[in-house]
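Per the numbering used here, residue 592 is the first one in the sequence shown, and the count goes up by one each step.
Glycine included, C-beta positions come from ideal geometry on N, C-alpha and C.
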Amino acid sequence: MFGAIYTGLSGLLAYSDGLQTISNNVANLNTSGFKATSVRFSDQFNSGNGAVGLFGSGAQGGGVRLDDLQVSFQQGDLRQSDDGLDLAIDGSGFLLLLDGDRTLYTRTGSFIVDNEGFIVLEGTDYRLAVLDDAGRAVAVNIDSNRTNAPVATTTIRFADNLSSTATEQIISDLVVFDANGVEHVWQVRFARDGDAGGNAWDVIVTNDEDEEIGTQRLSFTQGEVDADSSQLVFDDPNNDGLSVTLDFSENVTSFSSGELSTLRAAGIDGNGIGTITNVTVNGQGRVEIRYSNGETEDIAAVAIADFRDQQQLQRADDGLFIHDGRGERRLVASDDPAAGRVVAGRLEASNVDLSEQFGELILIQRGFQASSQIVSVSNDMIQQLFGIRGQ
């Protein structure tokens, strides 16, 4: 009977621990990246010497225990956010966080750029890891990329039709940059040479100070640009040697279309100096910096850790995990078939299934109730035994 009490107590202890586990799962229903813990029980068996005596066999059941906890790594919903440094993994992999000599792992998180230029998990000093050229995990720092160097304009590409019956077309507000990133606004005027039968045009370029930079001849044959005039070079020596080619070599024609011309500047290269406007992770899972001059710079691929046995990971605070070194770990970039891909502007929701947890809660409550009855009945029987009087 005393053994029955201990058996009942094992149930009370096991179901109490199970209740704590279920409570933790439910409490973290809305915790980003939280992984539920499965509750499983197993029997305990005390084996004696096999002798049969007054109280039966020496082999007795020892009650129940809570099994080693297993974390469910089933993926939660990926919920949209407004921040390009809110990251999640669509797949089974983990983001790497570097904390000195220690490496932590997470499924999702909100990241920011700290005062030292490192991308860190918000509220911590844990630095997001990227892959270097050797495939090693290193912290990413953007301090050396705070500005984007200017690039001088070298080409203005034109497209569409210059009416052969028009007399003039002006294309204004063409923004070009010199080698120092200084912005200049050019105007290109096309004046038809009537003596050439509509087949030749004078191209006059002026700058934003109304100074004429130069005049050159653009010629057509049967509506197509003559090869020798398809690229016209204009030099502005007063602005750091700015030299720009007006390119008419593709998709430029001169056919009769009344007084309306559709000729336009299809593209201008070069840019001024740029400052950072945004740091994000692009669709290829790479850290990308966007600048005020419209340019972007690709920094490095975000590192993803792929584990052969995820149960080797040990849970830590704030949805983080620690790897004890047992089992295989691979470091890969985004879009790996096994590990998945990095998704920006998303946070992974908890994978807790509330209906499943409530079902487990009912079973645990009933198990605890039944175990308590075993203790109660065993206690009553012992009380009856104490009440026996000798005759």
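Please classify residue i as buried or exposed, where buried requires at least 16 other C-beta atoms within 10 Å of its C-beta.
i: Ser967; result: exposed
i: Ala757; result: buried
i: Gln822; result: exposed
i: Asn752; result: buried
i: Ala642; result: Because the pLDDT of Ala642 is 44, which lies under 50, any placement of that residue in the model is unreliable, and the number read from its coordinates should be weighed accordingly. Counting Cβ neighbours within 10 Å, Ala642 comes out exposed, since fewer than 16 surround it.
i: Val923; result: buried
i: Thr612; result: buried
i: Leu976; result: exposed
i: Leu945; result: exposed
i: Gly644; result: Confidence is the limiting factor: at Gly644 the pLDDT is only 41, short of 50, which leaves the residue's position unreliable and the question unanswerable from this model.
i: Thr812; result: exposed
i: Phe749; result: buried
i: Phe912; result: buried
i: Gln960; result: exposed
i: Ile953; result: exposed
i: Asp786; result: exposed
Excluding the 5 residues flanking residue i on each side, which residues of the same chain have their C-beta closer than 7 Å to its C-beta?
i: Ala605; result: Phe632, Val655, Arg656 and Leu657
i: Gly876; result: Ala892, Val893, Ala924, Ser925, Asp926, Arg932 and Val933
i: Asp705; result: Val711
i: Gly691; result: none
i: Gly647; result: Unreliable positioning characterises Gly647 in this predicted model, as indicated by a pLDDT of 45, which lies under 50. The coordinate reading is nonetheless provided below. Contacts found: none.
i: Asp793; result: Ala782, Asp784, Thr806 and Arg808
i: Asp908; result: none
i: Asn616; result: Ala627, Thr628, Val943 and Gln948
i: Ser820; result: Arg808, Leu809 and Ser810
i: Asn619; result: Phe625, Ser941 and Val943
Would you mind stating whether residue i and residue j have Cβ atoms separated by less than 7 Å?
i: Ser933; j: Leu695; result: It should be noted that the sequence gives Val, not Ser, for residue 933. No.
i: Val776; j: Asp784; result: no
i: Thr697; j: Glu939; result: no
i: Ile864; j: Gly714; result: no
i: Ser962; j: Gly602; result: yes
i: Gly918; j: Arg899; result: yes
i: Asp838; j: Thr746; result: yes
i: Asn830; j: Asp734; result: no
i: Glu879; j: Asn736; result: no
i: Ala930; j: Gly684; result: yes
i: Gly861; j: Ala743; result: yes
Could you please give the first and the last residue of the uninterrupted beta strand (DSSP E) stretch that includes residue i?
i: Gln974; result: Note, Gln974: premise wrong, no beta strand (DSSP E); alpha helix (DSSP H) at Leu945 to Phe977.
i: Gly700; result: Thr699 to Val704
i: Leu584; result: Limits of the chain in this structure are 592 at one end and 982 at the other, which puts residue 584 out of reach.
i: Gln760; result: Glu759 to Phe768
i: Arg917; result: Segment: none, Arg917 is in no beta strand (DSSP E) and carries neither H nor E.
i: Ser834; result: Leu833 to Asp838
i: Ile867; result: Gly865 to Val872
i: Tyr882; result: Arg877 to Tyr882
i: Thr563; result: Limits of the chain in this structure are 592 at one end and 982 at the other, which puts residue 563 out of reach.
i: Val630; result: Per DSSP, Val630 belongs to no beta strand (DSSP E) and is neither H nor E.
i: Thr812; result: Glu803 to Thr812
Alpha carbons only, please: which of the options is nearest the one belonging to residue i?
i: Asn798; options: Arg921, Val767, Val824 and Gln956; result: Val767
i: Gly958; options: Tyr597, Leu610, Gly916 and Ala595; result: Leu610
i: Ala740; options: Asn873, Ile955, Glu951 and Thr866; result: Thr866
i: Gly599; options: Phe977, Gln964 and Ser847; result: Gln964
i: Glu774; options: Ile955, Phe625 and Asn884; result: Asn884
i: Gln666; options: Ser848, Gln903 and Gly682; result: Gly682
What residues in its chain sit with their C-beta under 8 Å from that of residue i, if we drop five residues either side in the sequence?
i: Phe702; result: Leu676, Asp677, Leu678, Ile710, Val711, Leu712, Glu713 and Leu719
i: Asp674; result: Ser701 and Gly936
i: Asp723; result: Val729 and Ala891
i: Ser663; result: Lys626, Ala627, Thr628, Ser629 and Asn942
i: Leu687; result: Thr694, Leu695, Tyr696, Leu719, Ala720, Ala728, Ala894, Ile895, Ala896 and Leu922
i: Asn869; result: Gly675, Ile880 and Arg881
Within the same chain, show all residues whose beta-carbon is closer than 6 Å to that of residue i, passing over the 5 residues directly before and after it, in chain order.
i: Phe825; result: Val796, Ile804, Gly805 and Val835
i: Val1002; result: This structure cannot speak to residue 1002, because the chain is shown only from 592 to 982.
i: Tyr597; result: none
i: Asp845; result: Asp is not the amino acid found at residue 845; the sequence shown has Ser there. Excluding residues within five positions, the ones whose Cβ falls inside 6 Å are Leu753, Ser755, Phe811 and Gly814.
Could you tell me the boundaries of the alpha helix (DSSP H) in which residue i lies?
i: Gly609; result: Phe593 to Ala618
Using a Cβ cut-off of 7 Å (strictly closer), state whether residue i contacts chain C.
i: Asp801; result: Among the chains in the structure shown there is no chain C, since it carries only a single protein chain.
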